[in-house]
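Q: Below: one structure in structure tokens.
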Amino acid sequence: MKVYRRSNLKTKTLLCLSLLILSAFTSVSCSPNTDTVKKSIELHLKDLGVRDVNVDLFMADPNDKSRAYASATVTYNFAKGDGQLQKEFLGYVLKQEGQDWKIERTTAYAKDEARAKQILAGTKPGAGPEGR
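Note that the sequence shown covers residues 337 to 468 in our numbering.
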């Protein structure tokens, strides 16, 4: 049987508690941007019969923090021929106005950050600094 020293057990408990608090703080700090973006997208699509908006990716522009990219899966209130609700995958370039994000323009859907960076920079996929 392994015997733990009392100070070693306190250290481990303190470390675990610190990690738990840090992870909770990190998840809370990202949530307001996602919620604000979701509301902006819902407002943009309000007349189209949207049932649900799920933000798949939100990424601030590394070169300009007042711009961002967001992609979303949108579920509509109407169904396709097979009975499944219609879904659409949309991408947006956003501009920050105060605490809110406003849609600057619609763009291609992307779920990975590398592609989102390309969209924000205005480059085509595969176009690198060496040319086409």
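Glycine residues also receive a C-beta, built at the ideal position from the N, C-alpha and C atoms. The model shown is predicted, which means the values in this text are computed figures rather than measured ones.
Residues in the same chain with beta-carbon distance under 8 Å from L381, minus the five sequence neighbours each way, listed in chain order, please.
A: For L381, where only same-chain residues beyond five positions count, the Cβ hits under 8 Å are V389 and V410.
Q: Can you tell me whether F394 is helix, strand or coil according to DSSP?
A: DSSP places F394 in strand when its eight states are reduced to three.
Q: Considering only DSSP beta bridges, list what L428 is partnered with.
A: The sequence given here places Tyr at residue 428; Leu does not occur at that position. A406 and T442.
Q: Please work out which residues of its chain come closer than 8 Å, Cβ to Cβ, to R387, disregarding the five sequence neighbours upstream and downstream, and give them in chain order.
A: Taken in chain order, the residues that qualify are T411, Y412, N413 and L421.
Q: What residue range is occupied by the uninterrupted alpha helix (DSSP H) comprising N454?
A: As written in the sequence, residue 454 is Gln, which differs from the Asn given in the question. Note, Q454: alpha helix (DSSP H), E449 to A457.
Q: Less than 8 Å between C-beta atoms, sequence neighbours within five positions excluded: which residues of the same chain meet that for K401?
A: Only Q432 meet the Cβ criterion.
Q: Under a Cβ-count criterion, where at least 16 other Cβ atoms within 10 Å of its own Cβ denotes burial, should G417 be classed as buried or exposed?
A: G417 should be labelled exposed.
Q: Identify which residue in T442, E378 and G419 has its Cα closest to the Cα of V429.
A: Ranking the options by Cα distance to V429, first place goes to T442.
Q: Whose C-alpha, out of K348, Q435, K346 and T370, is nearest the C-alpha of Y405?
A: Residue T370 is the option with its Cα nearest to Y405.
Q: Would you say K438 and L393 are within 7 Å of each other, going by their C-beta atoms?
A: Not in contact: K438 and L393 (Cβ atoms no closer than 7 Å).
Q: What residues are listed by DSSP as bridge partners for D388?
A: Answer by DSSP bridge pairing, in chain order: T411.
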